[in-house]
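Order-wise, the sequence lines are chains A and F.
When the count follows the numbering used here, it moves up by one through the first sequence with no breaks and lands on 322 for the last residue.
When the count follows the numbering used here, it moves up by one through the second sequence with no breaks and lands on 322 for the last residue.
Each residue gets a CB set at the ideal place from its N, CA and C atoms; glycine is no exception.
Computed from a predicted structure; not experimentally measured.
Input: a single structure, listed below in structure tokens.
2 protein chains.
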Amino acid sequence: MMGRELLVKEVTAGNRRAVARAISLVENEGEDSNALLSALFMHTGRGYRIGITGPPGAGKSTITNKLAKHYRKEGLKVGIIAVDPTSPFTGGALLGDRVRMTDVELDGEVFIRSMASRGSLGGLSRKAKEAADVLDAAGHQIILLETVGVGQSELDIASAADTTVVILVPESGDGIQAMKAGLMEIADFFVLNKADRPGADQAVQSIKTILGFRQHTEATVWMPDVLKAVGSEGKGIDEIAQAIAAHRKSLETSGGLEQKRRRRLEQRIRALVEEQLQVDFWTSDRSEALQRELSRVIERNQTPYELAGRLIADFKNQNEKRGS
Amino acid sequence: MMGRELLVKEVTAGNRRAVARAISLVENEGEDSNALLSALFMHTGRGYRIGITGPPGAGKSTITNKLAKHYRKEGLKVGIIAVDPTSPFTGGALLGDRVRMTDVELDGEVFIRSMASRGSLGGLSRKAKEAADVLDAAGHQIILLETVGVGQSELDIASAADTTVVILVPESGDGIQAMKAGLMEIADFFVLNKADRPGADQAVQSIKTILGFRQHTEATVWMPDVLKAVGSEGKGIDEIAQAIAAHRKSLETSGGLEQKRRRRLEQRIRALVEEQLQVDFWTSDRSEALQRELSRVIERNQTPYELAGRLIADFKNQNEKRGS
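What follows is the structure, given as structure tokens:
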């Protein structure tokens, strides 16, 4: 076993095995994981986080991998966190890891981690961000956060990035679907992947139309654009990297990056508070009281609202008693 | 303005306008909404909740509407809550309402409500369940909860139903995608919609294969099956209703329905507690303290974990002081 201090030292020195260890501790919510993250936090803030999201089958992994290669060629240290909300009963990513291993992983220089939900989908979003912190502390200059953009916690991960890229494909209605799924709001720009397929130009046009609609209601400095790519052939990757660089520059000059990161930290602190309050509240006594009283709710002798109110009154009362 | 007591009376009498009013109050989180829900809760527990979910474009609305018609023909009182996590800047459902209006709504007897997220996606899941409670209190015997099954809060809504139906289409990889999205766990059975398209039998087989895999690891009384349907032509609707009835019977005889509903209420109470703790915690003083201290976090002079810990210590301390 490696002590925490040593682990922090090894992570910040960029030791790959230590990074993997640290992420595992975070993923498994080891007792010590908050203390570890707290120590690592002091070394974060230098990595640039890029969110890659979009519907299933849009080719996110391919583009993420090619982008990673692109940044490697520029001599940058690159890490990938791929979030895969896989079914709990398979216990992990389905194909993601293997597909990747034959590609960039062989490089040996891009750190790749697939994270899947084990039971709680809710915790996944937090853990992915914390894993990005570990990569940041380990000196990764580019951190790619790849996630299926189809739900709240996935959007949450993508929007925790400095630049968020939404990947779509030329399938009918995709623009509308993306809009429905909330992808329009988080996209700093769009990539129409598989642009060699029929309907590509039409799809680009449809996304632009929807974006135009957005621009009527929101005045922003940065105007999201739509790029075309064929990820599998490496076409359009340089252009994506250029667009990311342009967005980064725009954020840095406008002060937007600072604002974004401030908001991100605020949300993180609020989440930590929330979590700790839950732990403090649900003592075994109070959990038992809930189970006992639940039958009366089922019989409609009290309402969930009344029971919640009584449990909270008890919590406050206990704190008062302890203090007096 | 209608007083709360009168509103409760009108809702439980099945007054459509009162039901619409009550759901609006819930949706807008009016000050009074918890008190209203608390009063209505006493009249709930008789409606049977059916979750209809699946990926975008699977034809959920069509099947939901046809099912509603089916139950109407049986003389049952039917309500639909359609959850549409639409983009905040359009402010509502895109096509859903209109498509529906030309179909069952004209009937005048099926209560239909589309709910979209206004800002917070997180609250949507709670509100949808509460809207179902309103319908339940108003005497709806069948409550259809339709939602895009692509994220945590949507899965949350679907799994809050007594029977959950997952709709898929014969597109390659759909079984795998559904599995990844966590749909396999919540499905009481599957419907392969648009089964007149090529690849339908193969898709059914692929879902069955994955289900077989699940059955190896989980011993359950109820074995999810895969039905075929062509929703647009009304084909397979009777079979879906039969499967729902069979699942309901299985739940009722095994005691599973009681267990499910107990768990659902427990989660509801936990969510109410969580929400109230947040309100109590984030006083304006404490929010200001967070903003003040945030700069020191950004400058890496303290960590998010330290700041969260200090805010919580302050909260407990305050309760103690108040009590002494």
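Listed by position along chain F, the residues whose Cβ is nearer than 8 Å to that of M40(A) are R298, T301. Out of S293(F), N299(F), W280(F), R294(F), the CA that lies nearest to the CA of L309(F) is found in W280(F). Under the 8 Å Cβ criterion, the stretch 26 to 36 of chain A does not count as touching the stretch 65 to 76 of chain A, having fewer than three qualifying pairs. With contacts defined as CB atoms closer than 7 Å, H68(F) and I235(F) qualify as a contacting pair.
In this chain, G232(A) is not harboured by any beta strand (DSSP E), its DSSP state being neither H nor E. In this structure, T42(A) sits near D131(A), with a CB-CB distance shorter than 7 Å. Chain-order list of chain F residues neighbouring R266(A): P302, by C-beta distance under 7 Å. Of all C-beta pairs linking the stretch 40 to 55 of chain A to the stretch 179 to 195 of chain A, three or more are shorter than 8 Å, placing the two stretches in contact. Three or more beta-carbon pairs separated by less than 8 Å link the stretch 263 to 272 of chain A to the stretch 275 to 293 of chain F, which places the two stretches in contact. The contact set of R260(A) on chain F, defined by CB atoms closer than 7 Å, consists of L292, I296 in chain order. Residue pairing by DSSP places E144(F) opposite I50(F), A80(F) in a beta bridge.
Taken in chain order, the members of the stretch 6 to 39 of chain A whose beta-carbon sits within less than 7 Å of a beta-carbon on chain F are N32, L35, S36, F39. If you compare the alpha carbons of M182(A), I208(A), V163(A) with that of N191(A), the shortest gap goes to V163(A).
Within chain F, the residues placing a beta-carbon under 8 Å from that of V271(A) are F279, A306, L309, I310, ordered along the chain. Just measuring C-alpha positions, the residue of G254(A), E237(A), R124(A) sitting nearest E273(A) is R124(A). In terms of CA proximity to I140(F), I78(F) leads the group L275(F), I78(F), R298(F), A198(F). Put simply, the backbone Cα of A33(A) is about 8 Å away from that of R2(A). Following the DSSP letters along the chain, one finds V163(F) inside the beta strand (DSSP E) bounded by residues 161 to 166. Bounds of any beta strand (DSSP E) do not take in M182(F); it lies within the alpha helix (DSSP H) bounded by 181 to 184.
Distance between F109(F) and V167(F), taken at the CA atoms: about 27 Å. In this structure, the CA atom of I205(F) is about 30 Å from the CA atom of R260(F). In this structure, I238(F) lies away from R111(F), with their beta-carbon atoms at least 7 Å apart. Spanning the alpha carbons of G137(A) and A37(A) requires a straight line of approximately 15 Å. For Q274(A), the nearest beta carbon of chain F is closer than 7 Å to its own beta carbon.
Bounds of any alpha helix (DSSP H) do not take in K226(F); it lies within the beta strand (DSSP E) bounded by 224 to 226.
At a cut-off of 7 Å between beta carbons, L263(A) contacts chain F.
The C-beta of A311(F) has fewer than 16 other C-beta atoms within 10 Å across all chains shown, which makes the residue exposed.
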